[in-house]
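Chemist: Mapping of the sequence shown onto this note's numbering: residues 1 to 95, in sequence order.
Positions of the beta carbon are idealized from the N, C-alpha and C atoms, including for glycine.
On a predicted model such as this, the values are computed, not experimentally measured, just so you know.
Provided herewith is a single structure, encoded as structure tokens, for subsequent inquiry.
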Amino acid sequence: MGGKKVILDEPNRKWACKNCDWRGVQSSILRAANPFDAGDILCGCPQCKSVDSFTEICDEPRCEKEATCGWKPKDAPYRRTCHVHMGEHDYGPST
Ligand SMILES: [Zn+2]
Ligand SMILES: [Zn+2]
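Now the structure itself:
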């Protein structure tokens with residue numbers, strides 16, 4: 001419990017479970033209507049079944065660090081990355 005609320009309208013965002021080693025995209029997360037709060041959706045880990053235990057992962061391909069920075073690159077969609085990839089604009093192979 002106490003994880004970040006999963007953003008359900010951004011299917012390509014990556015998430016990690018805080019209670020086990022599961023990592024994946026939002027579309028593979030289990031979801032169910034919250035019986036205590038109409039309109040709220042509970043999100044469950046497909047591996048350990050814990051609820052709302054997710055943390056967001058850096059959107060850089062192959063990076064599995066926690067996304068701690070949100071920023072808006074020039075002429076590109078909003079990013080959620082770790083501090084290492086904060087401010088990077090180049091998606092090409094790093095040298
Ligand atoms: Zn889990
Ligand atoms: Zn990163």
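Ligand 1 and residue 100: does the residue's C-beta get closer than 7 Å to at least one heavy atom of that ligand?
Modeler: With the chain covering 1 to 95 only, the question about residue 100 has no answer from this structure.
Chemist: Quick one: residues in its chain with C-beta nearer than 7 Å to the C-beta of residue 83, no 5 flanking neighbours on either side, listed in chain order?
Modeler: Taken in chain order, the residues that qualify are 68, 69.
Chemist: Output the distance between the C-alpha atoms of residue 77 and residue 12, rounded to the nearest integer angstrom.
Modeler: In a straight line, the C-alpha of residue 77 is about 13 Å away from that of residue 12.
Chemist: Where do the ends of the beta strand (DSSP E) carrying residue 136 lie?
Modeler: Look at the range of the chain in this structure, 1 to 95, and you will see that residue 136 is not part of it.
Chemist: Taking 8 Å as the cut-off, decide whether the C-beta atoms of residue 31 and residue 44 are in contact.
Modeler: Cβ distance < 8 Å, so residue 31 and residue 44 count as in contact.
Chemist: When the Cα atoms are used, what is the spatial distance from residue 64 to residue 79?
Modeler: Spanning the two alpha carbons is a distance of roughly 15 Å.
Chemist: Who sits around ligand 2, taking every residue whose Cβ is closer than 7 Å to one of its heavy atoms?
Modeler: Listed along the chain, these residues meet the criterion: 58, 60, 63, 65, 81, 82, 84, 85.
Chemist: Report the rounded CA-to-CA distance for residue 66 versus residue 58, giving the unit in angstroms.
Modeler: Their Cα atoms are separated by approximately 6 Å.
Chemist: So is residue 15 buried or exposed if we call it buried at 16+ other beta carbons inside 10 Å?
Modeler: Buried.
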